[in-house]
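In UniProt numbering, the protein residues as written are 1 to 490.
In structure tokens form, the structure reads like this:
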């Protein structure tokens with residue numbers, strides 16, 4: 001039974017035409033929109049039409065050919081506060097697939113990480129307007145079409161956004177100045193051009209000047225490919241002799257042997273994450289007045305306590321977990337380090353959310369242990385393992401890596417003794433952690449020595465927010481927690 005039809009003044013697809021009664025001359029009902037010719041401008045909505053072999057009158061929802069079924073335009077969303085463009089890493093649905101709220105339509109590479117484009121509507125995917133892997137898609141740019149009825153999907157097969165009414169809402173880039181295209185050559189493509197090799201400057205005789213040279217010199221020049229007009233003769237009257245060619249030959253050979261070999265290289269595309277890392281850290285070094293305070297702390301007691309706790313804990317506690325806890329407690333003692341510069345004021349945070357640097361295949365990301373000052377070591381350890389694993393799989397939620405009030409970066413596991421880190425704005429501090437080293441230290445008795453595991457910690461601070469004395473006091477508190485780790489359990 002026909003459930004939908006379209007009214008047309010002329011029919012194109014004759015195989016789909018149903019003829020109306022004689023009093024409806026020049027009017028047809030077609031079975032699909034392919035039977036309607038472009039250019040129809042008006043029709044009486046709600047007209048009652050008799051179908052062939054139909055016993056009743058039916059009121060139809062007429063549409064113009066230029067009209068489309070009800071649909072939702074899906075645009076590139078803002079998936080992070082600083083996002084300006086995104087890359088469409090992967091489509092998770094294809095045309096014709098049904099989607100429901102909560103379904104993942106696509107994976108979008110933002111300025112922070114790869115984030116799921118989660119559906120808020122239900123319906124069917126009618127059109128995907130950007131290719132998988134598309135780069136630098138502006139916010140608000142149309143990426144897909146969603147329809148309510150599966151039967152409407154086919155209507156968007158050849159759909160293209162109109163430049164006037166359906167253009168991206170993002171600002172339009174100015175066109176680059178046009179340059180004339182080079183004339184097309186009809187000859188076969190030339191081989192890749194090698195870098196031009198510079199040649200020594202020479203003084204040539206005028207074209208009309210006669211080159212005077214001995215027969216033997218001419219023979220040597222011919223065999224060696226030497227231009228006699230470039231040689232100054234030492235014989236009588238400027239005559240070129242064989243001895244004059246020895247220097248020219250050796251000089252030419254020396255120049256050829258010293259010519260640099262071509263350098264092999266590969267151009268690596270810059271990901272959206274890498275672009276943002278470059279932009280943010282460059283801005284950090286250019287706009288934040290960094291300074292650095294380094295503290296050495298003995299870690300023997302910390303290592304011993306960790307070993308003891310791990311005999312009773314299901315989640316194996318790491319040295320980094322204990323450093324996160326010590327960082328949060330020291331920051332509560334010196335709240336200036338748990339603050340951010342806001343231009344007209346300094347914002348000081350009540351709890352300490354520690355951003356922890358994690359290396360992933362796509363770049364650096366900083367998942368957050370929220371309210372670390374209120375959590376126990378076992379909880380911090382379990383959360384950190386979960387966050388780090390999902391960070392490497394690009395499965396973090398936005399609120400799990402955006403924010404934070406102070407950062408921690410640990411390179412000790414790579415054998416690094418100490419280093420300085422770049423502040424992660426708008427935070428005021430970041431702690432850089434080196435590896436544990438055995439050192440010889442003065443003993444309790446005069447003339448006696450002992451060995452201890454020592455870790456170097458460097459706090460990078462924003463001098464607009466944290467003064468040097470405050471950073472030094474923070475270092476004292478932090479060292480106390482590392483050297484007396486039982487205090488972290490109180």
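Don't be surprised by glycine CBs; every beta carbon is placed ideally from N, CA and C. What you are looking at is a predicted structure, and each value in this text was computed from that prediction instead of being measured.
- Within the same chain, and ignoring the five residues on either side of residue 398 in sequence, the residues whose Cβ sits closer than 8 Å to its Cβ are 79, 80, 112, 115.
- Separation of the CB atoms of residue 239 and residue 214 is rounded to 7 Å, and the pair is thereby assigned contact status at 8 Å.
- At least 9 Å separates the beta-carbon of residue 455 from that of residue 423.
- Per DSSP, the beta bridge partners of residue 297 are 455.
- Note: residue 114 is bridge-paired with 109 in the DSSP secondary-structure output.
- Residues of the same chain with a CB within less than 7 Å of the CB of residue 92, apart from the 5 flanking positions on each side, are 104, 105, 106, 107 in chain order.
- Listed in chain order, the beta strand (DSSP E) runs fully inside the region 323-349 are 339-341, 346-348, counting runs of at least 3 residues.
- Inside the region 344-396, DSSP marks whole alpha helix (DSSP H) runs of 4 or more residues at positions 377-392, from first to last along the chain.
- With the rule of 3 Cβ pairs closer than 8 Å, the region 331-342 counts as touching the region 458-473.
- Taking a 10 Å sphere around the C-beta of residue 450, we find fewer than 16 other C-beta atoms and assign the residue as exposed.
- Contact holds between the region 325-336 and the region 345-359, because three or more Cβ pairs, one in each stretch, are under 8 Å apart.
- Closest by C-alpha distance to residue 86, out of 327, 274, 481, 68, is 274.
- The distance from the Cβ of residue 411 to that of residue 317 is about 20 Å, inconsistent with a contact at the 8 Å cut-off.
- Of all C-beta pairs linking the region 379-386 to the region 301-320, three or more are shorter than 8 Å, placing the two stretches in contact.
- Assigned with DSSP and collapsed to three states, residue 136 falls in coil, not helix or strand.
- Secondary structure note for residue 126: it is in no alpha helix (DSSP H), and the uninterrupted beta strand (DSSP E) holding it is 123-128.
- By the C-beta density criterion, residue 231 is buried, having at least 16 other C-beta atoms within 10 angstroms.
- Taking residue 415 as the centre and dropping the five residues before and after it, the same chain places the C-beta of 435 closer than 8 Å to its C-beta, in chain order.
- Leaving aside the five residues that flank residue 428 on each side, the residues in its chain whose CB is nearer than 7 Å to its CB run, in chain order, 337, 339, 340, 341, 461, 462, 465, 466.
- For residue 281, the uninterrupted alpha helix (DSSP H) run begins and ends at 272-287, by DSSP.
- Going by DSSP, residue 469 is part of the alpha helix (DSSP H) stretching over 468-483.
- Judged by DSSP secondary structure, residue 442 falls within the beta strand (DSSP E) whose first and last residues are 429-442.
- Around residue 346, the same chain offers 339, 465 as residues with beta carbons nearer than 6 Å, after the five sequence neighbours per side are excluded.
- Cβ neighbours of residue 421 within its own chain (closer than 7 Å, five residues either side excluded): 409, 430, 432, 460.
- In the three-state DSSP reduction, residue 410 falls in the strand class (E or B).
- Following the DSSP letters along the chain, one finds residue 225 in no beta strand (DSSP E), marked with neither H nor E.
- Here residue 489 is exposed. Its C-beta has fewer than 16 other C-beta atoms within 10 Å.
- In the three-state reduction of the DSSP assignment, residue 97 falls in the coil class, being assigned neither a helical nor a strand state.
- DSSP, reduced to helix, strand and coil, places residue 219 within a helical segment of the structure shown.
- Counting of Cβ neighbours within 10 angstroms places residue 272 among the buried residues, the total reaching 16 or more.
- Scanning its chain for C-beta atoms nearer than 7 Å, with the 5 sequence neighbours on each side dropped, one finds around residue 485 the residues 301, 302, 305, 322, in chain order.
- Annotation: the continuous beta strand (DSSP E) that includes residue 147 extends over 142-147.
- Straight through space, the alpha carbons of residue 359 and residue 76 are spaced by roughly 27 Å.
- With fewer than 16 other Cβ atoms inside 10 Å of its own Cβ, residue 287 counts as exposed.
- Relative to the Cα of residue 123, the nearest Cα in the group 82, 143, 314, 71 belongs to 71.
- DSSP places residue 462 in the strand class (E or B) of the three-state scheme.
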